[in-house]
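K.L.:
Below are the structure tokens for one structure; questions will follow.
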Amino acid sequence: MAYGLLNGKRGIISGALDEKSIAWKVALKAKEEGATFTLTNAPIAMRMGAIKQLAEQCNAEIIPADATSVEDLENLFTKSTDILGGKVDFVLHSIGMSPNIRKGKAYTDLNYDWFKQSIDISALSFHKMMQTAYKLDAISEWGSIVALTYMAAQRTFPFYTDMADAKAILESIARSFGYRYGRYRHVRVNTVSQSPTPTTAGGGIGGFDKFYDFADKTAPLGNANADQCADYVVTLFSDLTRMVTMQNLYHDGGFSMTGISEEVMELINKEVE
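Quick note: the sequence shown, position 180, residue 180 per UniProt numbering, numbers continuous.
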């Protein structure tokens, strides 16, 4: 059911790789709720994914952009405002990648050049995106910016290695820039910490399937899926959340607040027996 939450709103959605992507689901939901928007991703990711199919479904134009390039981001915001007919009201940052994880490097044996790439792609790109929009005054007053994160920024998950550090920086940037953008144009900035979700990116992390089951058995509501995350993100784009900013918002079925569940205790007891 659509509620018209984004009627008349314009936006930019980054990071939609394929139909498993949370960004893909957000785009479909935003369209359903009445928004118009442009889609963007890095050129290399676009070659790997199916973003053209999504663009057709959403009647959206694609603007390729490397989120680590200020020049590309300037082009993204300038073209988006031209295509959409005015400033944008919302932006989704759904960008993250770790060469160390992809190449199986342990946290105690990181390649530091790759580590810098992880930070640049997964965190600094968020600052670059907002700074570019800020300087161009490309986001409407009371606009909304949302980035996807993960609770490994607060708690240690061995398989998440240097991405945990990148997400911690991402969340700090949200608070620091959120203060400044709020003072400047009442633009709000938040991060959403989603349940482990079987996306193409998430599935590439070693041991993901076992952790997914663990989180599902721990969270009292179970894991939140990508469609449910899209619903939540859309509310943050809407006027219903005008006074919410600088927050890291957990969308994980209660996993982040649960120490241990009865189901997990039962599994442990069975192993002991």
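We treat Cβ as the ideally placed atom computed from N, Cα and C, and that holds for glycine.
On a CA-only basis, which of Asn-269, Ala-174, Val-234 is nearest Leu-28? Give me that one, please.
P.N.:
Per the Cα distances, Val-234.
K.L.:
Taking the CB atoms as reference points, tell me whether Ile-145 and Val-91 lie closer together than 9 Å.
P.N.:
Yes. Within cutoff.
K.L.:
Please classify Asp-82 as buried or exposed, where buried requires at least 16 other C-beta atoms within 10 Å of its C-beta.
P.N.:
Per the 10 Å Cβ criterion, exposed.
K.L.:
For Ser-261, tell me which candidate among Tyr-232, Thr-218, Met-243, Leu-236 has the shortest Cα-Cα distance.
P.N.:
Comparing Cα positions, the closest option is Thr-218.
K.L.:
Which same chain residues end up closer than 7 Å to Asp-231 when comparing Cβ atoms and leaving out the 5 residues on each side of it in sequence?
P.N.:
Excluding positions up to five away in sequence, the list reads Lys-29.
K.L.:
What is the residue span of the beta strand (DSSP E) that Val-189 lies within?
P.N.:
Taken as a continuous stretch (DSSP letters only), the beta strand (DSSP E) holding Val-189 covers 188 to 194.
K.L.:
If distances are taken between C-alpha atoms only, which option among Gly-96, Phe-208, Asp-252, Gly-11 comes closest to Ala-138?
P.N.:
It is Gly-11.
K.L.:
Return helix, strand or coil for Ala-35, following the three-state DSSP convention.
P.N.:
Ala-35: coil per DSSP, three-state reduction.
K.L.:
Give me whichever residues DSSP pairs with residue 284 in a beta bridge.
P.N.:
One cannot answer for residue 284 here, as it falls past the ends of the chain, which runs 1 to 273.
K.L.:
With C-beta atoms as the reference, is Lys-20 less than 9 Å away from Thr-199?
P.N.:
Yes, Cβ-Cβ distance for Lys-20 and Thr-199 is below 9 Å.
K.L.:
Kindly identify the DSSP beta-bridge partner or partners of His-251.
P.N.:
Partner(s): Gln-194.
K.L.:
Need the endpoints of the alpha helix (DSSP H) that Leu-170 sits in, please.
P.N.:
Element bounds for Leu-170: 161 to 185.
K.L.:
Please go through the same chain and pick out, in chain order, the residues whose beta-carbon is closer than 8 Å to the beta-carbon of Asn-75, but skip the five residues on each side of it.
P.N.:
Hits under 8 Å: Ile-63, Ala-65.
K.L.:
Can you name, in chain order, every residue of its own chain whose Cβ lies under 6 Å from the Cβ of Asp-216, other than the five neighbours on each side?
P.N.:
For Asp-216, where only same-chain residues beyond five positions count, the Cβ hits under 6 Å are Gly-222, Asn-223.
K.L.:
Output needed for Val-244: all residues of its chain with C-beta closer than 8 Å, excluding positions within five of it in sequence on either side, in chain order.
P.N.:
The answer, listed in chain order, is Arg-188, Asn-190, Leu-236.
K.L.:
Report the partner residues of Ile-62 according to the DSSP bridge assignment.
P.N.:
Leu-39.
K.L.:
Roughly how many whole angstroms lie between the Cα atoms of Glu-266 and Ala-106?
P.N.:
Looking at the two C-alpha atoms, the distance is approximately 31 Å.
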